[in-house]
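Numbering (the numbering used here), first residue to last: 17 to 123. The beta-carbon is built from N, C-alpha and C at its ideal position, and this holds for glycine as well. These numbers come from a predicted model, not from an experiment.
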Amino acid sequence: MGSRRRTLALAELDEEGLVRLVAKGDRAAFEELYRRTAPWLAVRLRRRCADEQIVAEVMQETYLAVWRAAGAFAGAAVGGTAVGWLWTIAARRLVDAFRRRAHHARL
17 MGSRRRTLAL AELDEEGLVR LVAKGDRAAF EELYRRTAPW LAVRLRRRCA
67 DEQIVAEVMQ ETYLAVWRAA GAFAGAAVGG TAVGWLWTIA ARRLVDAFRR
117 RAHHARL
């Protein structure tokens, strides 16, 4: 399949479909998932944290976790969505970042 045709095919998939392809190691699907979800995820994180460095770290950790754990996404089988799963990962990473910052502040 040509690159343009492949890009169009990925654009037609929903986020759940992209996560399933990411689970198979599909980098183009991962890039499409990132392109679609990173802007709103960054906005949601910034609403909870004004520190851009922490937001950037959490974004990086979140997408690394998505790449590594995409095969564990159960999706509609448990009543969840890919974006909900993504937000859960990001929110947990943000809490971890706050804990790390509080721990370092105590030292």
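In chain order, what residues of the same chain lie with their CB nearer than 7 Å to the CB of residue i, ignoring the 5 residues before and after it?
i: Ala45; result: Leu26, Leu34, Leu37, Val38
i: Asp112; result: none
Taking 8 Å as the threshold (C-beta atoms), are residue j and residue i in contact?
i: Phe89; j: Ala98; result: yes
i: Gly91; j: Glu32; result: yes
May I ask you to report which of helix, strand or coil DSSP gives residue i?
i: Gly91; result: helix
i: Thr104; result: helix
i: Ala66; result: coil
Applying the criterion that 16 or more other CB atoms from any shown protein chain within 10 Å of the CB defines a buried residue, is residue i buried or exposed?
i: Trp56; result: exposed
i: Leu24; result: exposed
i: Thr104; result: exposed
Ignore the nearest five residues each way along the sequence and tell me which others in residue i's own chain have a CB closer than 6 Å to its CB.
i: Arg109; result: Val74, Glu77, Thr78
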